[in-house]
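**Q**
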Amino acid sequence: MNPEAERLRDAVARAPWFSRATLDPDSLRPLDELRAGHATVTWAAVDGTGGGHTTVLVLAEDDPALLSAVLVLAARPAWATARGGTVRWHGPPLTAARLGAQLTATATNAVARVTAGRPPRDLVLKVYRALGDGGGEIALLSRLAGHRAPLPEAVGHLDYLTPDGRPAGCLALVTEVAPGVPLDVPLRAALHAHWAGAAPQAVPQAPLDPPLDPLLDRVRAALADLHHALAELRPPRLTPLADRLPRLATAVADVRRTLPESTGPRHRLLDRCAALAGRWAAGAAHPAGPVHGDLHLGHVLVDAGDRVRFVDPAGAPPPDAGPLDDLAALVRAVECFAADEQVARTAQQRAYHKHRYATALRRAALAPATAARPLPPPAADWAARAVAPLTAGTAPGALCVPYLLRALHELRHHGERAGDPDADYYADLTWISLRAFVTAKEGSPRA
Numbered sequence: 081m082n083p084e085a086e087r088l089r090d091a092v093a094r095a096p097w098f099s100r101a102t103l104d105p106d107s108l109r110p111l112d113e114l115r116a117g118h119a120t121v122t123w124a125a126v127d128g129t130g131g132g133h134t135t136v137l138v139l140a141e142d143d144p145a146l147l148s149a150v151l152v153l154a155a156r157p158a159w160a161t162a163r164g165g166t167v168r169w170h171g172p173p174l175t176a177a178r179l180g181a182q183l184t185a186t187a188t189n190a191v192a193r194v195t196a197g198r199p200p201r202d203l204v205l206k207v208y209r210a211l212g213d214g215g216g217e218i219a220l221l222s223r224l225a226g227h228r229a230p231l232p233e234a235v236g237h238l239d240y241l242t243p244d245g246r247p248a249g250c251l252a253l254v255t256e257v258a259p260g261v262p263l264d265v266p267l268r269a270a271l272h273a274h275w276a277g278a279a280p281q282a283v284p285q286a287p288l289d290p291p292l293d294p295l296l297d298r299v300r301a302a303l304a305d306l307h308h309a310l311a312e313l314r315p316p317r318l319t320p321l322a323d324r325l326p327r328l329a330t331a332v333a334d335v336r337r338t339l340p341e342s343t344g345p346r347h348r349l350l351d352r353c354a355a356l357a358g359r360w361a362a363g364a365a366h367p368a369g370p371v372h373g374d375l376h377l378g379h380v381l382v383d384a385g386d387r388v389r390f391v392d393p394a395g396a397p398p399p400d401a402g403p404l405d406d407l408a409a410l411v412r413a414v415e416c417f418a419a420d421e422q423v424a425r426t427a428q429q430r431a432y433h434k435h436r437y438a439t440a441l442r443r444a445a446l447a448p449a450t451a452a453r454p455l456p457p458p459a460a461d462w463a464a465r466a467v468a469p470l471t472a473g474t475a476p477g478a479l480c481v482p483y484l485l486r487a488l489h490e491l492r493h494h495g496e497r498a499g500d501p502d503a504d505y506y507a508d509l510t511w512i513s514l515r516a517f518v519t520a521k522e523g524s525p526r527a
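So, in structure tokens, the structure goes:
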């Protein structure tokens with residue numbers, strides 16, 4: 081391995097976002113580079129594990145260096161790379177730009193606040209780790225300009241041309257700041273207030289502590305506004321629900337491959353998922369059309385006036401996705417949030433480590449002895465009441481297949497990172513929720 085490839089391998093080995101379960105660090109090979117400011121941006125190909133697909137990563141020594149370098153590139157229209165490629169900035173030049181706090185660092189992107197211009201204005205910079213990942217998001221925000229959608233407005237983006245002039249994909253996106261805090265902030269305040277005031281005689285169906293119910297009503301309304309704006313671009317179409325079964329079967333197979341055992345309770349639960357989906361799909365239809373595609377609590381922002389906005393839409397959601405998938409993703413996000421908070425609280429009270437406690441709960445929930453009376457997921461009653469305002473007006477049973485697809489997506493994502501303590505922990509919570517969901521629906525012929 082040459083020194084440059086060795087340097088890149090060391091860089092990704094230190095990166096918490098890099099998944100050795102899906103990418104092979106020994107296959108890294110540099111393709112091009114560009115010095116920007118005090119850092120060097122490198123494009124490097126990497127193969128998937130097991131001889132899978134090849135991805136072109138956008139790398140620097142670490143995230144601060146990557147974000148700083150990319151911000152420099154937004155100061156002028158074009159830059160020449162070391163091997164004859166070109167980086168282009170599509171937008172007004174960002175002069176006097178300064179990097180602020182990094183907001184997120186995921187397996188797909190790094191995001192930070194920036195200030196630029198005179199007078200300075202606050203913006204958000206997102207760098208895509210895989211070259212081209214953000215193309216769909218950039219195109220979506222461009223098409224929605226002027227549609228009053230609850231999404232941030234795009235300021236500009238960077239793309240890369242290969243030495244022979246071919247567009248190879250986008251590098252980064254700059255947007256206006258969407259003010260507010262993630263939805264988990266008010267949810268956490270409400271849940272902790274609920275615990276502080278909980279009484280044995282409390283009615284499980286009672287409204288959530290105000291003002292959470294009205295806020296969740298506004299989240300549902302804002303999501304409807306987003307789908308309305310998306311429908312103006314491409315109206316949803318009714319599609320047979322049976323058309324989604326191949327993707328669900330693939331998702332089941334993908335989850336199976338992540339499991340360390342070849343048989344057992346988790347495999348049997350996956351069999352039950354597939355059987356349920358086949359029963360639900362008979363003769364049913366669902367609306368397929370443009371969606372946000374990556375909704376979780378961190379992508380739902382609420383400002384001081386309780387105005388709701390969504391950030392970070394998926395660049396390329398599945399072609400059979402539809403508005404119900406966004407709603408199912410929010411339902412799963414609330415359930416996972418509530419379970420995480422409850423498990424952490426109980427583990428602390430009992431002086432357990434929450435990861436080991438969650439594993440014990442998962443094993444108990446999936447044990448054959450609990451088949452007749454499955455254990456409810458942690459904080460299930462509170463989560464159900466929080467979900468009720470979000471799903472008001474949705475037809476009974478409409479979310480069943482989208483819910484299964486979302487849960488299986490989460491299990492595959494966590495399973496591909498098996499061995500990481502947080503991935504294993506959230507997988508345990510998801511298995512518990514999936515067991516409760518499947519058991520409840522198996523006895524409901526119309527669910």
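Take 81 as the starting number for the sequence shown in this note's numbering and just add one per residue.
Note that CB positions come from ideal geometry on N, CA and C, so glycine has one too.
Would the beta-carbon of A154 be found less than 8 Å away from any heavy atom of the ligand COA?
**A** For the ligand COA, the structure offers nothing, since it holds no ligand at all.
**Q** So, L238 versus H170, is the Cβ gap smaller than 9 Å?
**A** Cβ atoms of L238 and H170: closer than 9 Å.
**Q** Just mark Q428 as buried or exposed, buried being the case when its beta carbon has 16 or more other beta carbons within 10 Å.
**A** Flag for Q428 reads exposed.
**Q** Between the Cα of P398 and those of T120, E256, G164 and T330, spot the shortest distance and give me the residue it belongs to.
**A** Ranking the options by Cα distance to P398, first place goes to T330.
**Q** Should P230 be labelled buried (16 or more other beta-carbon atoms within 10 Å of its own) or exposed?
**A** Its Cβ being crowded by 16 or more others within 10 Å, P230 is buried.
**Q** Between the segment 335 to 351 and the segment 365 to 377, do at least 3 Cβ pairs fall closer than 8 Å?
**A** Judged by Cβ distances under 8 Å, the segment 335 to 351 makes no contact with the segment 365 to 377, as fewer than three pairs qualify.
**Q** Only counting the same chain, and skipping five residues up and downstream in sequence, which positions put a Cβ closer than 8 Å to that of L404?
**A** Within the same chain, L404 has close Cβ partners H366, P367, T474, A478, L479 and P482.
**Q** For the putative contact between V332 and V257, defined by C-beta atoms under 8 Å, what is the C-beta separation to the nearest angstrom?
**A** 40 Å between Cβ atoms; not a contact.
**Q** Whole angstroms are fine: how far does the CA of E490 sit from the CA of A322?
**A** Answer to the nearest angstrom: the Cα atoms are 22 Å apart.
**Q** Which residue's Cα is closest to the Cα of R324: R497, R317 and D400?
**A** R324 has its Cα closest to that of D400, out of R497, R317 and D400.
**Q** Let me know if A279 comes out buried or exposed under the rule of 16 or more other beta-carbons within 10 Å of its beta-carbon.
**A** Its pLDDT being 48, under 50, A279 is placed unreliably by the model, and the measurement read from it follows with that caveat. The residue is exposed, with fewer than 16 neighbouring Cβ atoms inside 10 Å.
**Q** Assuming V167 and L153 are in contact, meaning their beta carbons sit under 8 Å apart, how far apart are those beta carbons, in whole angstroms?
**A** About 6 Å; that satisfies the 8 Å criterion.
**Q** According to DSSP, what are the bridge partners of D127?
**A** D127 pairs with T134.
**Q** Among E113, A304 and W511, which residue has its Cα nearest to the Cα of L407?
**A** Answer by Cα proximity: A304.
**Q** So, using beta-carbon positions, are A516 and P457 closer together than 9 Å?
**A** Taking 9 Å as the Cβ cut-off, A516 and P457 qualify as a contacting pair.
**Q** For E522, which three-state DSSP category applies?
**A** Helix, per DSSP.
**Q** For W159, which residues does DSSP report across the bridge?
**A** Beta-bridge pairing links W159 to V167.
**Q** Report the partner residues of K590 according to the DSSP bridge assignment.
**A** Nothing about residue 590 can be read from this structure; the chain reaches only from 81 to 527.
**Q** Can you name the residues that DSSP bridges to E415?
**A** Looking at the DSSP assignment, E415 forms no beta bridge with any residue, so it has no partner.
**Q** If contacts are defined as beta-carbon pairs under 8 Å, then V335 and R201 qualify, I think. What distance do you get, rounded to the angstrom?
**A** Not a contact, Cβ separation roughly 44 Å.
**Q** When the Cα of L509 is compared with those of A440, P448, P232 and G523, which residue comes out closest?
**A** Ranking A440, P448, P232 and G523 by Cα distance to L509 puts A440 first.
**Q** Exposed or buried, which one is A269 when buried takes at least 16 other CB atoms within 10 Å?
**A** A269 should be labelled exposed.
**Q** For W97, name the three-state secondary structure that DSSP assigns.
**A** In the structure shown, W97 sits in coil (DSSP, three-state: anything other than H, G, I, E or B).
**Q** CB-CB under 6 Å to F98, same chain, minus the five flanking residues each way: which ones, in chain order?
**A** Excluding sequence neighbours, F98 sits near V92.
**Q** Between the beta-carbon of P126 and the beta-carbon of L103, is there less than 9 Å?
**A** As written in the sequence, residue 126 is Val, which differs from the Pro given in the question. In contact: V126 and L103 (Cβ atoms closer than 9 Å).
**Q** In angstroms with no decimal places, state the Cα-to-Cα distance between R178 and D142.
**A** Rounded to the nearest angstrom, the two C-alpha atoms are 17 Å apart.
**Q** Is it right to say D90 is buried, meaning 16 or more other beta carbons lie within 10 angstroms of its own, or is it exposed?
**A** Looking at its Cβ environment, which holds fewer than 16 other Cβ atoms inside 10 Å, D90 is exposed.
**Q** May I ask which residues mark the beginning and end of the alpha helix (DSSP H) holding G358?
**A** Start and end: P345 to A361.
**Q** Quick check on this structure: which residue in R436, S513, A424 and D500 has the alpha carbon closest to the alpha carbon of A463?
**A** The shortest Cα separation from A463 among R436, S513, A424 and D500 belongs to S513.
**Q** When you compare only the Cα positions, how much space is there between A57 and Y240?
**A** Beyond the ends of the chain as shown, which are 81 and 527, falls residue 57; an answer cannot be given.
**Q** Mind checking who H366 pairs with in its DSSP beta bridge?
**A** T319.
**Q** Sorted by chain position, which residues of the same chain lie with C-beta nearer than 8 Å to P501's C-beta, five sequence neighbours on each side aside?
**A** Closer than 8 Å at Cβ, skipping near neighbours: H435.
**Q** Look at the Cβ atom of A459, then the Cβ atom of L271, and state whether they are nearer than 9 Å.
**A** Closer than 9 Å, so yes.
**Q** Which residues in the same chain have their Cβ closer than 7 Å to the Cβ of L137, if we skip the five residues on either side of it in sequence?
**A** Cβ within range, chain order: A124, V126, R209 and A210.
**Q** Straight-line CA distance for A394 to G216?
**A** Spanning the two alpha carbons is a distance of roughly 7 Å.
**Q** Looking at the structure shown, is R246 part of a helix, part of a strand, or coil, going by DSSP?
**A** Three-state result, R246: coil.
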